[in-house]
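In this note's numbering, the protein residues as written are 34 to 84.
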């Protein structure tokens, strides 16, 4: 998701802002990230040197 004020498209910026701060959308994105991270737990731990 990207937004640029340089384009002058304020409606696009408003949509991005709305989606990013709408609670159900934000909660679903966070849950998706958690599921993805847990599915890749081994790789994440190796990346951070936790193993």
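Glycine included, each C-beta is placed from N, C-alpha and C at the ideal position.
Excluding its 5 nearest sequence neighbours in each direction, residue 77 has C-beta neighbours in its own chain below 7 Å: 70, listed in chain order. DSSP places residue 84 outside any alpha helix (DSSP H), giving it a letter other than H or E. When secondary structure is reduced to three states using DSSP, residue 61 falls in the helix class. Taken through DSSP and simplified to helix, strand or coil, residue 67 comes out as helix.
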